[in-house]
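Student:
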Amino acid sequence: MNLTLEHVTGGYGSRTVVDDVSFTLHPGEVVCLLGANGCGKTTLFKMILCLLRPRLGCVSLGDEKIADWSRSRLARSFGYVPQMHIPPFAFEVREIVLMARAAHLAPFASPGKEDRRIADEALDYLGILHLASARYTEISGGERQLVLIARALAQQAQWLILDEPAANLDLGNQIKVFRAIGELAKTGLGVLMTTHVPDHAFMYASRVVLMSEGRVLALDTPAKALTEAMLLKAYGVPFSVVEIGAQQGIKSGIRIVVPNQL
Amino acid sequence: MATVHNPDKTMDYRKPHRLQSGKTLALLSLLLVVVALGSSAIGSYPISPHDWWSVLSAHSTGGTAEIVLLQIRLPRLFACILVGSGLALAGASYQGLFNNPMVSPDILGASAGAGLGAALGILMGLDFVAIQALSFTGGLVAVLLAWALASGLCRRGDPVLMLVLVGILIGSMFTALISLTKYIADPLNKLPAITFWLLGSFASITPKDIWFAGIPIAAGCIPLLLLRWRLNVLCMGEQEARTLGMNTRAMRFTVIVCATLITAASVSICGMVGWIGLVVPHLARMVVGPNHKYLLPAAAIMGGCFLLLVDDVARTAGALEIPVGILTALIGAPFFLFLLMRERRHKS
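Chains as they are written, first to last, in this note's numbering: chain P, 272 to 533; chain S, 142 to 489.
Below, the structure written as structure tokens:
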């Protein structure tokens, strides 16, 4: 089902952080949300996830407005991957992933065999099943990030909303995670994620939402949205977009962004 | 993509499994039975196995042993188990709810409110049942006040932080009111009564008290036990728990109502017995891990054991009975320090 934002406006108190944002995303897409710090990416996420009520406008899934959906219905529709943090209690990795099943279980129930199978499958999908019994507080930051993505998968939602999924990952794990996200999109999941690296958008996004000061600056394919002019507007620093020619082992036509001045 | 690297690592990370956690709980229950039976035997009037047998075999002799066992010893043991289990369970739930291992069940002012209720009851010269009822009500009122104020103040921002801050304020305000009550109480009979009552003791427990406190404590414990797995999700923090499908406000309200029923009922029959709700959950976490599915039952069982043992000391250590509240603080504080040091050593 399409995710539609219509004139979404909101913020904290009297301060407007997101101003009149409208777009429609389709299942199967990988959409990257880019923009400078404080441009409203996180606030927009909060309004999509109904953590913050928009002052104006609405978010809908299909034809239905989601503003009054129950938390469990929302969680069955949106799997959210937050930026990783460390909880005060040393849960096992599998216990963390099983929390995704809360939206599928009755209030007094706890996860059963089938839920554990789903959790292990999600861990296996990301190649971290061997961490299932490790303590979440004792694994590396990158591994924790992968666990949170596994948890979002175990939520079995139609949409994945990821807040900088690559922020704590090494180069290899970044590629693994983006590939996994791409594969998931091919199975029909919709993906919306923030990133600070335009290269990631060039490599893995089907579309890009570029934000600046709470407004949408561009919404298009990466090649059309992330032009040098747009990047200057969004980040206030001149960049060049360089196309890498076909070399051995590299797909031709990959673009990367480099700063004009070092 | 779906490859598992380092399959041999699997064994290194094996931690107590589900079944083992179940077994641990069974062993702990057995321990509770043993401690309870042992506690029933010792005291100023020792009960021999033979006395137990004559009571159990229903040959009512009306002897001293039977009266001591049925009218004094057993009600007291039951009260210890009820209060110890209840407070530990409430403490473990609060530590999950507030996402903070330093929280105890009186964080929102339940104990201070119940203490004030009892102090006022004694000051007004009410009879014992009325004092208990007033104490119970006082605990509920304090927490309701904290909840209402926090909800009113917190339109945005972190509702949990606001609740804790308001709770601490209410608690200290009620504590000041207790002091005021003591100050104006008759220093010859009422002041000692209030002071002794606030110290906490199981010395005057009657079978009737078991019913009075047992019903609210059970009413608080059962929903907490039913909802216990969901407390795990709350440990991820307010916003994340909501994105995982939790109605955090409803959950918070339920947990607070249940824990307050337990705490207020406990204080109303035995006064302020501190530290159990803070220390025992830590002890339980060391045994079964942080998963609330096992943590809550383990904390409840261990809380019962802990208070039985402390009350055994209170009854038998001196010629004069020591108020149990003093002992839980004397034992609890150093014990907590020991746990913290152990945890730190474990980490490094």
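Using N, Cα and C, we set each Cβ at its ideal position, and we do this for glycine too.
Give me the residue from S/ALA220, S/LEU166 and S/GLY163 with the minimum Cα distance to S/SER181.
Tutor: Nearest option by C-alpha distance: S/ALA220.
Student: Let me make sure I understand the geometry here. Which of S/GLY250, S/LEU468, S/ALA271 and S/GLN161 has the alpha-carbon closest to that of S/THR404?
Tutor: Looking at the Cα atoms, S/GLY250 is the closest of the given residues.
Student: Along the region 365-385 of chain S, what residues have a CB closer than 7 angstroms to any CB found in chain P?
Tutor: Going along the region 365-385 of chain S in chain order, one finds LEU367, LEU368, TRP370, ARG371, ASN373, VAL374, CYS376, MET377, GLN380, GLU381, ARG383, THR384 and LEU385 with a Cβ nearer than 7 angstroms to chain P.
Student: Determine the burial state of S/ASP153: buried for a count of at least 16 other Cβ atoms within 10 Å of its Cβ, exposed for fewer.
Tutor: For S/ASP153, the pLDDT reaches just 35, beneath the cut-off of 50, and the residue's location in the model is therefore unreliable, leaving the point undetermined.
Student: Which same chain residues end up closer than 7 angstroms to P/LEU488 when comparing Cβ atoms and leaving out the 5 residues on each side of it in sequence?
Tutor: Only LEU481, MET482, MET501, LYS504 and ALA505 meet the Cβ criterion.
Student: Closer than 9 angstroms, CB to CB, is S/ARG483 near chain P or not?
Tutor: So no, S/ARG483 is outside the interface.
Student: Any beta-carbon of chain S closer than 9 angstroms to the one on P/SER341?
Tutor: By this cut-off, P/SER341 is an interface position.
Student: Helix, strand or coil for S/ILE397? Go by DSSP, reduced to three states.
Tutor: Of the three classes helix, strand and coil, the one that applies to S/ILE397 here is helix, per DSSP.
Student: Using a Cβ cut-off of 8 angstroms, pull out every chain S residue sitting near P/PRO358, in sequence order please.
Tutor: Neighbours of P/PRO358 on chain S, chain order: ASN240, CYS376, MET377 and GLY378.
Student: Note down the Cα distance separating P/VAL368 from P/ALA403, rounded to an integer number of angstroms.
Tutor: Taking the straight line joining both Cα atoms gives about 9 angstroms.
Student: Alpha carbon to alpha carbon, what distance is there between P/GLU300 and P/SER477?
Tutor: Spanning the two alpha carbons is a distance of roughly 6 angstroms.
Student: Looking only at DSSP bridge pairs, what is P/ASP386 linked to?
Tutor: None; P/ASP386 has no bridge partner.
Student: Between the Cα of P/ARG486 and the Cα atoms of P/ASN439, P/LEU315 and P/HIS375, which residue gives the shortest distance?
Tutor: When each option's Cα is compared against that of P/ARG486, the closest is P/LEU315.
Student: DSSP three-state call for S/MET265: helix, strand or coil?
Tutor: Coil, per DSSP.
Student: Are the C-beta atoms of S/PRO431 and some chain P residue less than 9 angstroms apart?
Tutor: Yes, S/PRO431 lies at the interface with chain P (some Cβ there is under 9 angstroms from its Cβ).
Student: Can you have a look at P/ASN444 and say buried or exposed, based on whether 16 or more other CB atoms are within 10 angstroms of its CB?
Tutor: Classification for P/ASN444: buried.
Student: Any idea what DSSP makes of S/VAL305, helix, strand or coil?
Tutor: Note: S/VAL305 maps to helix in three-state DSSP.
Student: Look at S/GLY184 and S/ARG456 and say whether their C-beta atoms are less than 9 angstroms apart.
Tutor: In contact: S/GLY184 and S/ARG456 (Cβ atoms closer than 9 angstroms).
Student: Put S/ILE472 into one of helix, strand or coil per three-state DSSP.
Tutor: Helix, per DSSP.
Student: Using the beta-carbon of each residue, which ones in chain S are nearer than 8 angstroms to P/LEU322?
Tutor: In chain order: GLN380, ARG383 and THR384.
Student: Ignore the nearest five residues each way along the sequence and tell me which others in P/ILE527's own chain have a CB closer than 6 angstroms to its CB.
Tutor: ASP470 and VAL513, listed in sequence order.
Student: Please tell me whether S/ASN388 has its Cβ less than 9 angstroms away from any Cβ of chain P.
Tutor: It does: the Cβ of S/ASN388 has a partner Cβ on chain P nearer than 9 angstroms.
Student: Let me know if P/VAL508 comes out buried or exposed under the rule of 16 or more other beta-carbons within 10 Å of its beta-carbon.
Tutor: Answer is exposed; the Cβ neighbour count stays below 16.
Student: Given a cut-off of 9 angstroms on the beta-carbon distance, is the pair P/TYR351 and P/ILE446 in contact?
Tutor: Against a cut-off of 9 angstroms, the Cβ pair of P/ILE446 and P/TYR351 comes out as no contact.
Student: By Cβ distance below 7 angstroms, which residues in the same chain neighbour P/ALA374 in space, the five residues on each side in sequence not counted?
Tutor: Closer than 7 angstroms at Cβ, skipping near neighbours: SER343, ALA346, ARG347 and GLN426.
Student: In whole angstroms, what is the alpha-carbon distance linking P/ARG286 and P/LEU304?
Tutor: Roughly 22 angstroms separates the two Cα atoms.
Student: For the beta strand (DSSP E) that P/GLY328 lies in, which residues bound it at each end?
Tutor: Here the beta strand (DSSP E) through P/GLY328 covers 327-332.
Student: What whole-angstrom Cβ distance do S/THR395 and S/PRO364 have, given they're in contact under 8 angstroms?
Tutor: Sure, about 6 angstroms apart at Cβ, within 8 angstroms.
Student: For P/LYS529, which residues in the same chain have their Cβ closer than 7 angstroms to its Cβ, ignoring the five residues on either side in sequence?
Tutor: Looking at the sequence shown, residue 529 of chain P is not Lys but Val. Answer for P/VAL529: PHE510, SER511 and VAL513, listed in chain order.
Student: By how many angstroms is the C-alpha of S/TYR435 removed from the C-alpha of S/PHE476?
Tutor: Rounded to whole angstroms, S/PHE476 to S/TYR435 spans 22 angstroms at the Cα level.
Student: Compare the C-beta of P/ASP379 against all C-beta atoms of chain S and say whether one is closer than 9 angstroms.
Tutor: Reading off the sequence, residue 379 of chain P comes out as Phe, not Asp. Closer than 9 angstroms to some Cβ of chain S, the Cβ of P/PHE379 qualifies, so yes.
Student: May I ask which residues mark the beginning and end of the alpha helix (DSSP H) holding P/PHE294?
Tutor: It is not in any alpha helix (DSSP H) - P/PHE294 instead sits in the beta strand (DSSP E) that spans 286-296.
Student: Which of the three DSSP states is assigned to P/ALA456 in this structure?
Tutor: DSSP places P/ALA456 in helix when its eight states are reduced to three.
Student: Please confirm if S/ASN147 has its CB atom under 9 angstroms from at least one CB of chain P.
Tutor: A caution first: S/ASN147 carries a pLDDT of 38, below 50, which makes its placement in the model unreliable, though a value can still be read off. Closer than 9 angstroms to some Cβ of chain P, the Cβ of S/ASN147 qualifies, so yes.
Student: Quick one: is P/VAL292 buried, meaning 16 or more other Cβ sit within 10 Å of its Cβ, or exposed?
Tutor: Its Cβ being crowded by 16 or more others within 10 Å, P/VAL292 is buried.
Student: Would you call the region 414-427 of chain S in contact with the region 373-381 of chain S, where contact means no fewer than 3 C-beta pairs closer than 8 angstroms?
Tutor: They do not touch, by the three-pair rule.
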